[in-house]
Amino acid sequence: MRLSVVFIAIHLSLIFYLYPSDIIGVSHFGHWLYIITGFLFEFLLLFLYLSGLSTFPKEDIISIVKKCGLWWARLLLLPLLAYFFMSFVLLNRSHAELLTIIFLPTTPIWAILLLLFIIPLFVSIHGHRTILRGSFALMITILPLILFSLFSCFQNINIHFFFPIEPMPTFWYDEHFLNSLLAHSPFLSLGIFSKHLSFAVSKTRKYLYAAMLFLLPFYLLAVYIPILTFAPDTAQKLRYPIPVALDTVNLEWLFFDRITMFYVVSTVSFIYVYTSVLVWIMSTLTVNLYTSVSRTKICWGIIGVAYFICILVPDWETIDWLISLDTPLRLYCIIFIPLLIYGIGFYYRRRNLT
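Each residue of the sequence shown is one higher than the last, beginning at -2 in this note's numbering.
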């Protein structure tokens, strides 16, 4: 149950990240199909991933891939380590930019980044139990704020902007659609949690499938709130469509002047969960495959290198370039890794039957 809460939290951190602008950027119409396609694509990969993991109770993807040999494991999982590191850097750098624009225009970027890095460092050092407990507490506190913020936007929507509904048939290889798959990649983190929570138990898998279905309305709301507020043509020009849509909401009875405050605080809280998971996973992969240095030192090293790179990123154009550069790595990880784990599991199931 607690793992499904983490699963929801890390997805929400990316659903409200660059996902709306990427999906809106695919075309001027038919966005519902782009959303559903990405969602079903992840659901299929999640099913294959969990099927493979369930074959090896209390084993993570490191020990599973090691069955092919240590050097094969190092080679096959190195792109996954690189992808998680890239995601960690891009996530923190872009949210530092968001905080600068909305709340802290005079605060230097290095100070905001420092704030974003401290909590993931602390949580990742303490391991998965701290992540599970913290995610549950955050979800109870933060999810109502997210829902309140999103549903408050309904006062400004125009349902006519939903039409036309016909999608662009060639969307599946559009650069914006491929970039949007970033929001469908957090399921990969389950491969490390499997050492602590067995996916051989069908109830655990059912909770995760239910959590996946729970996320579908958030994918739809994140895209359609800006579209129905501004129309697709205008929404395509916005870097942060959701915060801009929230800025149009006027609630005179609300204590705060801007409802955007609820949204930003909520999304940054979810970012803390995902970045903590990323640092914990990267340190676990590094210690088990590449070095005998303690995990605490590895966590400090990851944070230090990532912080230095984030400081070097000058502007949004560079962030966009890095996201595009990351696309082949992303496709490798979200497609090949689940298929690899499923294939190894299928082989061992067949071998045990014969």
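Note that the Cβ used here is the ideal one computed from N, Cα and C, for glycine as well.
Quantities reported herein were computed from a predicted structural model and do not represent experimental measurements.
Have a look at Ala70 and Glu56 and give me their C-alpha separation to the nearest angstrom. To locate residue 70, count along the sequence shown from 1; it is residue 73. To locate residue 56, count along the sequence shown from 1; it is residue 59. Taking the straight line from one Cα to the other gives about 14 Å.
Of all the options Val3, Ile268, His125, Leu205, which has the alpha carbon lying nearest to the alpha carbon of Ser91? Numbered from its first residue, the sequence shown carries residue 91 at position 94. With distances taken between Cα atoms, Ser91 lies closest to Ile268.
In the DSSP assignment, the alpha helix (DSSP H) including Lys63 goes from what residue to what residue? Taking the sequence shown and counting its residues from 1, one reaches residue 63 at position 66. Lys63 -> no alpha helix (DSSP H), and no H or E assigned at all.
According to DSSP, is Glu94 helix, strand or coil? In the sequence shown, residue 94 corresponds to position 97, counting from 1. Correct three-state label for Glu94: helix.
Whole alpha helix (DSSP H) elements within the segment 124 to 154, 4-residue minimum: 125 to 149
Ends of the alpha helix (DSSP H) at Thr34? If you number the sequence shown from 1, residue 34 lands on position 37. 28 to 51 is the extent of the alpha helix (DSSP H) around Thr34.
His8: buried (16+ other C-beta within 10 angstroms of its C-beta) or exposed? Position 11 of the sequence shown, counted from the start, is the residue given in the question as residue 8. Counting the other Cβ atoms within 10 Å of the Cβ of His8 gives 16 or more, which makes it buried.
Cβ contact check for the segment 115 to 128 and the segment 136 to 147: 3 or more pairs under 8 Å: no
If we count the other Cβ atoms within 10 Å of its Cβ and call it buried at 16 or more, is Ser84 buried or exposed? Here residue 84 is taken as the residue at index 87 of the sequence shown, counted from 1. The residue in question, Ser84, is buried, as its Cβ has 16 or more Cβ neighbours within 10 Å.
Would you mind reading off the limits of the alpha helix (DSSP H) that contains Trp277? Looking up residue 277 in the sequence shown gives position 280. Judged by DSSP secondary structure, Trp277 falls within the alpha helix (DSSP H) whose first and last residues are 257 to 286.
Nearest to Tyr237 by CA position, among Val2, Leu45, Ser199, Ser18, is which residue? Against the sequence shown, residue 237 aligns to sequence position 240. Nearest of Val2, Leu45, Ser199, Ser18 to Tyr237, Cα basis: Ser18.
Test item: CB-CB of Tyr345 and Thr52 under 7 Å: In the sequence shown, residue 345 corresponds to position 348, counting from 1. In the sequence shown, residue 52 corresponds to position 55, counting from 1. Going by C-beta atoms, Tyr345 is nearer than 7 Å to Thr52.
With distance defined between alpha-carbon atoms, name the residue in Arg(-1), Ser1, Ile20 nearest to Tyr216. The count along the sequence shown starts at 1 and reaches residue 216 at position 219. The shortest Cα separation from Tyr216 among Arg(-1), Ser1, Ile20 belongs to Ile20.
Give every residue of the same chain whose Cβ lies closer than 7 Å to the Cβ of Val86, excluding the five residues on either side of it in the sequence, and list them in chain order. Locating residue 86 in the sequence shown gives position 89, counting from the first residue. Taken in chain order, the residues that qualify are Ala303, Ile306, Cys307.
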